[in-house]
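Chain order of the listed sequences is R and S.
Using the numbering used here, the first residue of the first sequence is number 1, and each one after it goes up by one.
Using the numbering used here, the first residue of the second sequence is number 1001, and each one after it goes up by one.
Protein chains: 2
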Amino acid sequence: MTVDLELVPKQKRPAGEPCCEPVVQPDVNAELATRMADIAKALGDPVRLQLVDVLRKHAGKVCVCELVPLFDISQPTLSHHLKKLRDAGIVDSERRGLWAYYYVIPDALKELSVWLT
Amino acid sequence: MTVDLELVPKQKRPAGEPCCEPVVQPDVNAELATRMADIAKALGDPVRLQLVDVLRKHAGKVCVCELVPLFDISQPTLSHHLKKLRDAGIVDSERRGLWAYYYVIPDALKELSVWLT
DNA sequence: CGTCTGCATTGACAATCATCAATTGAATCG
DNA sequence: CGATTCAATTGATGATTGTCAATGCAGACG
């Protein structure tokens, strides 16, 4: 991924107006873009998006055993999706006895939300 | 804007029985979740996220020929990313002469943004 | 101790994805 | 007309993803 995005005006084009005004370089640097793309990517699956929705709606910590029956996927697959969300820094989990309780990290989605608006 | 999945209240450990009763619920909002996941998925790539950023910041219509030199990818690959964004309903394009001008559809990102907050 | 339970990990698979080189198509210029 | 230019499409390839069955593992219970 390039970091310097200096625009070079086209040299040869058919006589006439240029195709468009020069574009400024994106002021979202590649690093930040990658971070936000990672968050978006983690949300880019219906199961994970609904997982975040459920966890957020319940504002507390939800046991995995309560999440499994909500979806038509196997338990390992759900665990895989939860790991994706954890790796993206969107959720975190806490173990208590046999159970694992998941919760949305506050302000985890704020970055992306701010950029969107 | 939530996705409407209901949890079964956590029971005490029911030695020898499943921990949760299966929730059979018409998943009315699976469609909405899929739609938003599609948007998020389209943004889940650094190139596409920066493309949206550039197009949005420019607030007008930007020629593809001005976008290509901004990234370290080939022209067909950029065209592929633009198609992904178009398919997700995030951007649209207009052909004028030899050039194709892309622009962000105003309310495309609003859905996801609203859900995020 | 042994067994059960809840969750994570592994391994395997097909499907999708990002990427490029080559080509195609369309529009413009000489 | 032919040559040129911009953008989309095609075909191929290696990487990543979503999924499940099987297994592993740690805590709880008897």
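All C-beta atoms, glycine included, are put in the ideal place defined by N, C-alpha and C.
- What residue 46 of chain R touches in chain S, judged by beta-carbon distance under 8 Å, is 1030, 1033, 1034, 1037, going in chain order.
- The beta-carbon of residue 1113 of chain S is placed less than 8 Å from the nearest beta-carbon of chain R.
- Here the stretch 1046-1054 of chain S lies against the stretch 1083-1091 of chain S, with 3 or more beta-carbon pairs under 8 Å apart.
- Between residue 113 of chain R and residue 80 of chain R, the alpha-carbon positions lie close to 25 Å from each other.
- The beta carbon of residue 1094 of chain S sits no closer than 8 Å to any beta carbon of chain R.
- Its Cα nearest to that of residue 1031 of chain S, the residue R:45 stands out among R:45, R:93, R:94, R:66.
- The continuous beta strand (DSSP E) containing residue 1094 of chain S extends over residues 1091-1096.
- Per DSSP, reduced to three states, the secondary structure at residue 19 of chain R is coil, with no helix or strand assignment.
- Residues of the stretch 1060-1072 of chain S whose Cβ lies closer than 9 Å to any Cβ of chain R, in chain order: 1060, 1061, 1062, 1063, 1064, 1065, 1066, 1067, 1069, 1070, 1071, 1072.
- The stretch 55-69 of chain R and the stretch 89-103 of chain R touch, with three or more beta-carbon pairs separated by less than 8 Å.
- Residue-level contact check: residue 1101 of chain S touches chain R, since one or more beta carbons of chain R fall below 8 Å from its beta carbon.
- Counting C-beta atoms within 10 angstroms of its own C-beta, residue 69 of chain R has 16 or more neighbours from the protein chains shown and is therefore classed as buried.
- Within chain R, the C-beta atoms nearer than 9 Å to that of residue 1041 of chain S come from 40, 41, 43, 44, 45, in chain order.
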